[in-house]
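In terms of this note's numbering, the sequence shown opens at residue 1291 and continues consecutively.
Working notes for the structure below.
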Amino acid sequence: MFKLAIIGLDTSHTPKFVDFIQGENKLTDKLRVVKAMRFPSAFQSEAGQDERQAAIEKLGVKVSTDFAETVAGVDGLLLEINDPALHLEYFSKAAELGLPIFLDKPLADNIENAREIVRLKQEHNLNVWTSSSLRFTSEIKECTTKVSNPVLANTYGPLDSNDAGNPVVWYGVHSFEMLMTIMGQGAESVKATKDERGVVAIVNYKDGRRGIVELNSEAFIYGGRAQSADSAFSFVVDSSITSVVYANLMQAIEDFMLSGIVPITLEESFEVQAMLEATVQSLQSGEAAAAPSL
1291 MFKLAIIGLD TSHTPKFVDF IQGENKLTDK LRVVKAMRFP SAFQSEAGQD ERQAAIEKLG
1351 VKVSTDFAET VAGVDGLLLE INDPALHLEY FSKAAELGLP IFLDKPLADN IENAREIVRL
1411 KQEHNLNVWT SSSLRFTSEI KECTTKVSNP VLANTYGPLD SNDAGNPVVW YGVHSFEMLM
1471 TIMGQGAESV KATKDERGVV AIVNYKDGRR GIVELNSEAF IYGGRAQSAD SAFSFVVDSS
1531 ITSVVYANLM QAIEDFMLSG IVPITLEESF EVQAMLEATV QSLQSGEAAA APSL
């Protein structure tokens, strides 16, 4: 049995993943979450964390407030931390262990911390990846199959907010992850505008391709379109089956933990962070902003 520790109770993903691993909606007999760690977070009240702790303790998870106690004797880590400002802090601790790591999206809260996470990954030769569940929808898989060489793409999703952090980075990551899945790497610059309906970011690529990401206020729907020289495909993610989407991500996590094969490189995820950073910079300056390089 492959034993996991989860770091973080400030995201709904923690009880959801524990449920998929050993709860009523169990998907695997090969993984087991044995420990979890909680800490104060601007993204979830203590009362909310109390509820999540009670739920996962019923499924056999020991919850602690001590990092060393939480990671002792486990085979892999799930860094399920909703506040991206805390990602580098806990990744730095985890990197010393040499264990396989899934780091829930986004990679970090800003480009400097994202760059340091990649550096630590390289220094310690770690198996680690990060992703939004939106990469694993059946709709986006169909899109990338039907339009294999897109020159144009647009994706859209909600621009949700929280009491802390930048909403473009915190929630916009979903839509930018979809764009990366469709278009691949090569983003050069972003020109972003904002109005009462949200944010629109135009991504220009080094080879002349173009992507558009719409982050929409009060419109909790994900979708997109890809177009090549001779084909096009549009999709809307079926939000009524979010459990299926998370189950697909959970399967990818299991495959990674057991095989050691990383499905998405951290260098690719860094470019997602670079597009988010360029979007924030463009909104601040009113001009196009270069996507920072690694």
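C-beta atoms are modelled at their ideal positions from N, C-alpha and C, and glycine is treated no differently.
Residue F1307 holds the alpha-carbon nearest to the alpha-carbon of Q1541 among D1485, F1307, A1362, L1573.
Comparing alpha carbon positions, the residue from S1521, V1535, Y1461 closest to E1504 is Y1461. Three or more beta-carbon pairs drawn from the stretch 1501–1516 and the stretch 1436–1453 are found closer than 8 Å, and the two stretches are therefore classed as touching. Across the structure, H1303 and L1368 are spaced so that their CA atoms are roughly 10 Å apart. Rounded to whole angstroms, M1468 and L1376 show a C-alpha spacing of 24 Å.
Annotation for F1525: the continuous beta strand (DSSP E) segment containing it runs 1522–1526. By the C-beta density criterion, K1411 is buried, having at least 16 other C-beta atoms within 10 angstroms.
Rounded to whole angstroms, the separation of the alpha carbons of N1538 and N1400 is 28 Å. Counted as a single uninterrupted DSSP element, the alpha helix (DSSP H) harbouring G1338 occupies residues 1336–1347. I1472 and C1433 have their C-alpha atoms spaced approximately 8 Å apart.
Under the DSSP definition of a beta bridge, K1325 partners with A1295, K1352.
Beta-carbon to beta-carbon, A1578 and S1479 are separated by about 5 Å, close enough to satisfy the 8 Å threshold. Check the Cα spacing between I1371 and each of P1330, V1361, E1347: the tightest is with P1330.
The beta-carbon separation of V1493 and A1477, rounded to 5 Å, stays under the 8 Å limit for a contact. Ranked by Cα distance from A1482, the first of L1449, K1436, V1570 is V1570. The residue from G1366, G1474, K1383 with its alpha-carbon nearest to that of E1558 is G1474.
When Cβ pairs closer than 8 Å are counted between the two stretches, the stretch 1351–1360 is seen to touch the stretch 1325–1342, the count reaching three or more. Each residue's CA atom was taken as its position, placing P1553 and F1546 some 7 Å apart.
The shortest C-alpha to C-alpha distance from A1519 to any of M1291, F1292, K1436, V1562 is the one to K1436. In the structure shown, the three-state DSSP call for A1362 is coil.
Contact between K1395 and V1489 fails: their C-beta atoms lie close to 18 Å from each other, not under 8 Å. Spanning the alpha carbons of V1527 and F1510 requires a straight line of approximately 11 Å. Here L1294 is not near V1418, since their CB atoms are 9 Å or more apart. When R1425, V1459, R1342, F1310 are compared, the shortest CA-CA separation from D1300 is found for R1342. Across the structure, S1524 and D1450 are spaced so that their CA atoms are roughly 23 Å apart.
Listed in chain order, the alpha helix (DSSP H) elements of length 4 or more contained wholly in the stretch 1504–1559 are 1532–1549. When the alpha-carbon of T1318 is set against those of V1535, F1292, Y1495, the nearest one is in F1292.
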